[in-house]
Amino acid sequence: MLANSVIALSALASIANAATHTVMVGGGGLIYAPSELTAAVGDTVNFVFGARNHSVTQSSFAAPCVSITPGFGSGYLPTTDATMSPEYSITIQSTDPIWYFCSQAAHCQAGMVGSINAPTTGNTYAAFKTAAGMASNDAVALPASYVSSGSGAVAVGTPSNVPVGASSSSMLMTSVAAGTTSMSMAAGATMTSAAAMTTAAGTSAAAAATSAKPASANLIKVSASGLALVGLVALLL
């Protein structure tokens with residue numbers, strides 16, 4: 003039981019510490035922005051597609067413009083609605099370097115490549131981009147449907163359209179915030195109800211003390227003390 007609890011708490015801690023990274027795809031030309039980033043295991047990378055028709059296709063350092071198997075891929079995601087942006091997300095499963103490119107035409111050779119957890123020396127992102135620029139036009143186009151499995155990462159789900167300027171991650175945070183507000187309101191209502199019940203109890207006790215009409219002043223004092231004690235207990239509860 004204790005071991006299971008520790009495992010469950012560790013899993014919850016990992017989820018709580020996971021970060022979400024957003025990469026804009028083709029919004030400002032044939033680029034990913036940012037084109038390189040560092041992500042931990044459990045982190046999510048959201049690719050938000052801008053104008054034209056692009057893809058996010060996993061490749062290797064050795065062949066920047068050729069898709070690998072297994073390798074994640076969004077498929078081609080054209081932006082046809084000015085108010086909506088296609089979005090594709092992956093979850094990081096390893097801190098090994100992850101390389102990707104756009105398989106549309108010669109976008110890869112034009113520099114539309116990206117990396118996750120690329121080394122700072124040797125096989126760097128800059129070296130990867132240089133190699134892509136010298137690659138032949140042999141990019142392997144993926145089918146229209148996405149590819150979920152990958153090396154070091156896996157797709158969260160099929161690509162989806164979200165309102166421009168509101169990624170799924172920000173929409174999730176809005177939903178969580180709304181839920182928190184509802185909980186706070188409910189808690190406030192409960193506290194108000196409890197206060198009303200305490201007040202009613204004190205009023206009833208006072209009425210009962212008055213209607214009893216004790217025969218002596220000493221009894222009146224005792225009743226008053228008892229009422230104060232009841233009120234104090236009610237406040238403590």
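Quick note: the sequence shown uses the working numbering, first residue 3, plus one each step.
All C-beta atoms in this analysis are idealised placements derived from N, C-alpha and C, irrespective of residue type, glycine included.
None of the values given here were measured: they were computed from a predicted structure.
Here the alpha carbon of Thr126 sits roughly 34 Å from the alpha carbon of Met86. A contact between stretches requires three or more CB pairs, one per stretch, nearer than 8 Å, and the segment 85 to 104 meets this requirement with the segment 152 to 166. The C-alpha of Ser117 is placed about 15 Å away from the C-alpha of His109.
Excluding the 5 residues flanking it on each side, Asp45 has same chain C-beta neighbours closer than 8 Å at Ala20, Ala21, Thr22, His23, Thr93, Ile94, in chain order. The beta carbon of Gly30 sits closer than 8 Å to those of Gly52, all from its chain and outside the five residues before and after it, given in chain order. Beta bridge pairing from DSSP links Thr24 with Asn48. Straight-line measurement puts the Cα of Val68 at about 15 Å from the Cα of Thr132. In this structure, the straight-line span from the alpha carbon of Ala129 to that of Ala35 is close to 18 Å.
Under DSSP, the beta-bridge partners assigned to Phe103 are Thr59, Val115. The DSSP-derived three-state label of Ala42 is coil.
In the structure shown, Thr132 adopts helical secondary structure according to DSSP, grouped into three states.
Gln106 is positioned such that its CB atom lies closer than 7 Å to that of Asn55. By the neighbour-count criterion, in which 16 or more other beta carbons inside 10 Å mark a residue as buried, Ser57 falls on the buried side.
The continuous beta strand (DSSP E) containing Ser91 extends over residues 86 to 94. Assigned with DSSP and collapsed to three states, Tyr78 falls in coil, not helix or strand. CA-to-CA, the gap between Glu89 and Pro99 works out to about 22 Å. With contacts defined as CB atoms closer than 7 Å, Phe63 and Val25 fail to qualify as a contacting pair. Here Asn125 carries a coil assignment [DSSP, helix/strand/coil]. The beta carbon of Pro72 lies closer than 7 Å to those of Ser151, Gly152, Ser153 in the same chain, with the five residues before and after it left out.
In this structure, Gly159 and Ala134 do not form a Cβ contact; the two beta carbons are roughly 28 Å apart against a cut-off of 8 Å.
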